[in-house]
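Below is one structure, written out as structure tokens; the observations come after it.
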Amino acid sequence: MAMQKARKRIERVYTEAAEQVLGKKRRRKKPWIRDETWEMIAQRTDLNSKILGTRSERIKRSLKDDYKEKDREVKRFVRADKRHWVENIAKEAETAASSQNMQALYRLTKNLCNEKLRECVSIMNKDGHLVSSMDEVMERWTEYFTDILNTGTNESTKCGRRGQFSNRGN
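Residues in the sequence shown are numbered from 0 upward in steps of one, following numbering that gives the first Met the number 0.
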């Protein structure tokens, strides 16, 4: 029993210290939701906390009705915001496609599909040191593939020119 209390106390101390130093993990804001909609979401949250804090059934019923109305309104606004956001991205993609800007078109398509763009990440070189600049990373990949693909080539693995292959079917 005393061991469990001590463990819970230690766990609580670690959690509080981590929250003070690191802060709580924030949710990533949705890019399509406007600030006005976020305010409405906060109002809906306040209504919900009032419902939970009220003991009177009559007041609770009226607050629940208010909450239902606010919830419908929030959902309607969020849908409209997302529709507007998607339409804007589609217009940008159309202009990028018409101007043949494939890089922007690819980025916008990935953004719409919620796929993360691949960024240059750090990799290890042969010595085990971390390489992070784009030039060094490209140089390391070149080195890696030349080592892998050009290992001990002999006459049997080399490809000849196009006309040097024999036709086995004839």
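All C-beta atoms in this analysis are idealised placements derived from N, C-alpha and C, irrespective of residue type, glycine included. Quick caveat: nothing in here was measured; it's all calculated off a predicted structure.
For Lys69, the enclosing alpha helix (DSSP H) starts and ends at Glu56 to Ser97. Cβ-Cβ distances below 8 angstroms link Met39 to Lys69, Glu72, Val73 and Phe76 in the same chain, with the five nearest sequence neighbours on each side left out; the list follows chain order. Between Met123 and Leu129, the gap from beta carbon to beta carbon is short of 8 angstroms. One thing to note: Ala95 has its Cβ within 8 angstroms of the Cβ of Leu107. The residue among Thr44, Lys81, Trp140 and Gly127 with its C-alpha nearest the C-alpha of Lys67 is Thr44. Note: Ile32 is not bridge-paired with any residue in the DSSP secondary-structure output. The region 47 to 55 makes no contact with the region 84 to 100, as fewer than three CB pairs between them are under 8 angstroms.
By the C-beta density criterion, Thr14 is exposed, having fewer than 16 other C-beta atoms within 10 angstroms.
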